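Counting along the sequence shown from 1, when you hit position 41 you're at 31 in my numbering, and nothing is skipped either side.
Working notes, structure below.
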Amino acid sequence: MSQQWQERIRPARLERRYEFADYQSLRDFLDRAADISEREGLYPDMGFGRDYVNVTIHADEESNELGDQQRRLAAEYDALLDTEQGTH
């Protein structure tokens, strides 16, 4: 998980903004992120525009702390960006 993720305490969550060169790159990222979310059973909040997406990964409802699953999802999203752009 990159240092660009911001960890918040109340409520417990991870936040990050990804920026893209164009809309098609953004769409590719969102499609692949959706596949990962389906596989992991975690569905973060996402808000996006033409060339960016803001991602918020919340702690489980039963917990007030982020767990390994949330941190792993963040790392997998970072890896998607590495694959598509060669950088964070």
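Beta carbons: idealized from backbone N, C-alpha and C, even for Gly.
Only a predicted model underlies this, so the values are computations on that prediction, with no experimental measurement involved.
Could you tell me the alpha carbon to alpha carbon distance between residue i and residue j, rounded to whole angstroms?
{"i": "Tyr67", "j": "Ala2", "result": "19 angstroms"}
{"i": "Leu70", "j": "Asp25", "result": "11 angstroms"}
{"i": "Asp12", "j": "Asp72", "result": "16 angstroms"}
{"i": "Glu28", "j": "Gly37", "result": "18 angstroms"}
{"i": "Leu16", "j": "Glu51", "result": "29 angstroms"}
{"i": "Ile(-1)", "j": "Glu55", "result": "8 angstroms"}
{"i": "Arg22", "j": "Pro34", "result": "14 angstroms"}
{"i": "Arg62", "j": "Asn44", "result": "17 angstroms"}
With H, G and I counted as helix, E and B as strand and the rest as coil, what does DSSP make of residue i?
{"i": "Ile26", "result": "helix"}
{"i": "Gln59", "result": "helix"}
{"i": "Tyr33", "result": "coil"}
Just checking my contact of residue i with residue j at CB under 8 angstroms: how many whole Å lie between their CB atoms?
{"i": "Trp(-5)", "j": "Ala64", "result": "5 angstroms"}
{"i": "Asp41", "j": "Phe19", "result": "In fact, because the Cβ distance is near 11 angstroms, the residues do not count as touching under 8 angstroms."}
Which partner residues of residue i appear in the DSSP bridge assignment?
{"i": "Arg3", "result": "Arg(-2) and His48"}
Let me confirm a value: residue i is counted as buried when at least 16 other C-beta atoms fall within 10 Å, else exposed. Which label applies?
{"i": "Arg6", "result": "buried"}
{"i": "Tyr8", "result": "buried"}
{"i": "Gln14", "result": "exposed"}
{"i": "Gln60", "result": "buried"}
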